[in-house]
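Offset between the sequence shown (1-based) and the numbering used here: plus 1.
The beta carbon of each residue, even a glycine, is placed where N, CA and C say it ideally should be.
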Amino acid sequence: MGIIGTLAAGFLVSFGLRAAPAGVLVAYESGVEAFSQALNGLKAGLGPGNLHAMDVRAAGAGSELARSLSARDARLLVAMGSESVALVRSRNPGIPVVATMVLHAPDDNLGAHVILDLPLQKVLGVMRVLLPQHRRVGIIRSRLRAYETAEILEAAARKEGFTAIVVDCEGPGGLLKAVATFSGRVDILLCLPDAELYNAVTIKPLMLASLGHRLPVVGFSPAFVRAGAVVGIYPDYEDIGRQTAEMALRIMRGEGRGFEEGPRKVHAAVNERVARLLGIDLHIGVTAFEVFR
């Protein structure tokens with residue numbers, strides 16, 4: 002190692018400091034801004050040179066993952082996003098896995114995970130700051146959110162000073178009908194993360210319907226706000242990456258493997274143009290936010 006290397010190692014041990022262990026393999030999905038932010042946070046948390054990132058949407062991703070695992074250089078695998086989780090699950094990695102940037106915990110015992118779903122109480126807390134006059138909330142629930150009954154959602158809303166009406170929707174084809182049932186009954190439509198109901202095909206008709214009913218929408222991403230939601234409330238994706246790095250380091254230090262954590266920080270975005278169109282006075286508080294005009 003040499004004199005300098007030996008002294009440096011002794012210095013780290015003497016003061017209880019550890020360099021981040023090398024050998025973290027990261028499977029991620031390219032082309033998604035949120036994943037790019039999370040990957041930046043992960044890199045910052047692990048330190049330079051301590052991870053190898055591979056794009057699961059690239060040609061030959063499955064073969065690359067298999068080669069990386071067979072080389073046995075990786076001590077831990079981070080699967081970022083549902084596509085990455087599916088690929089990793091199919092390969093039986095044989096090393097600790099952290100699933101991150103997923104809406105819910107995987108159904109199987111894949112490993113530790115950092116989920117994106119914000120508790121309803123936290124979402125309503127931000128709404129109370131930004132939209133203090135809007136206390137009647139409409140929520141559309143699909144089968145993907147069957148774990149949250151209408152009674153659970155309504156009780157959580159009451160606890161935060163809101164009245165909630167929950168309407169079940171079997172799929173994208175029933176979305177506009179569900180929106181129409183809220184007309185005159187609620188002040189705002191809260192769209193919770195749901196890949197089945199909300200996608201590139203359904204968002205535009207949803208926004209047009211909400212404007213027709215003069216029903217402002219609260220979404221769950223900056224893209225939702227760009228599309229016409231008056232407010233978007235979502236996790237700090239870069240901090241999700243840092244949180245994932247901290248979890249990975251704990252696992253590699255032998256401090257357990259079965260962690261489950263949710264977002265620590267919340268961001269919000271507002272669409273001032275839509276707010277003006279609907280005559281809504283937004284109350285910008287201390288929450289980190291992005292403004293679209």
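Nearest-angstrom Cα distance between residue i and residue j?
i, j, result
"L52", "A100", "15 Å"
"A80", "G185", "44 Å"
"G1", "P49", "The shown model of the chain, from 2 to 294, leaves out residue 1, and the question about it has no answer."
"M208", "G280", "16 Å"
"G162", "K44", "40 Å"
"R274", "L121", "26 Å"
"A228", "K178", "20 Å"
"N125", "E256", "Note on identity: in this sequence residue 125 is Leu, with Asn being the wrong assignment. So the alpha carbons of these two residues sit roughly 34 Å apart."
"Y29", "R73", "19 Å"
"A59", "L47", "24 Å"
"P107", "A156", "26 Å"
"K160", "F221", "21 Å"
Would you decide whether residue i is buried or exposed? Buried here means 16 or more other CB atoms lie within 10 Å of its CB.
i, result
"I153", "exposed"
"H135", "buried"
"N272", "buried"
"I285", "exposed"
"R277", "exposed"
"G61", "exposed"
"P223", "buried"
How about residue i and residue j: do their beta carbons lie closer than 8 Å?
i, j, result
"L66", "G95", "no"
"R142", "C170", "yes"
"L78", "L26", "yes"
"I241", "V115", "yes"
"D188", "R137", "yes"
"V226", "F293", "yes"
"A158", "A165", "yes"
"H214", "A181", "yes"
"L111", "R90", "yes"
"R68", "G24", "no"
Need the endpoints of the alpha helix (DSSP H) that residue i sits in, please.
i, result
"A196", "Looking at the DSSP string, A196 is not in any alpha helix (DSSP H), and its letter there is neither H nor E."
"P223", "P223 to A228"
"G213", "I204 to G213"
"A45", "E34 to L47"
"V130", "L121 to L131"
"L66", "A62 to S71"
Using a Cβ-Cβ cutoff of less than 6 Å, which residues in the same chain neighbour residue i once the five nearest sequence positions on both sides are dropped?
i, result
"Y238", "A35, Q38 and A39"
"G6", "Reliability fails at G6, whose pLDDT of 41 lies under 50, so the model's placement of it is uncertain and the value that follows must be treated cautiously. So no residue of the chain qualifies."
"F1", "An answer regarding residue 1 cannot be provided, because it is not within the stretch 2 to 294 covered by the chain."
"D56", "S31"
"L191", "V138, I140 and V219"
"L193", "none"
Check the Cβ-Cβ distances between residue i and every residue of chain B, and say whether any is below 8 Å.
i, result
"P133", "In the structure shown, chain B cannot be found, because there is only a single protein chain."
Excluding five sequence neighbours on each side, which residues of the same chain lie with their C-beta closer than 7 Å to the C-beta of residue i?
i, result
"V127", "I234, V267, A269 and T288"
"Q244", "V115, E262 and R265"
Using a Cβ-Cβ cutoff of less than 8 Å, which residues in the same chain neighbour residue i once the five nearest sequence positions on both sides are dropped?
i, result
"P173", "E197, L198, N200, V202 and T203"
"F183", "G139, I166, V168, L190, H214 and L216"
Which residue comes first and which comes last in the beta strand (DSSP E) that contains residue i?
i, result
"A165", "T164 to D169"
"G233", "V232 to P236"
"A113", "A113 to I116"
"R136", "Segment: none, R136 is in no beta strand (DSSP E) and carries neither H nor E."
"A296", "Nothing about residue 296 can be read from this structure; the chain reaches only from 2 to 294."
"A179", "That residue, A179, is in no beta strand (DSSP E); its alpha helix (DSSP H) goes L176 to T182."
Is the closest heavy atom of the ligand SAM to the C-beta of residue i under 7 Å?
i, result
"P223", "This structure lacks the ligand SAM; in fact it carries no ligand of any kind."
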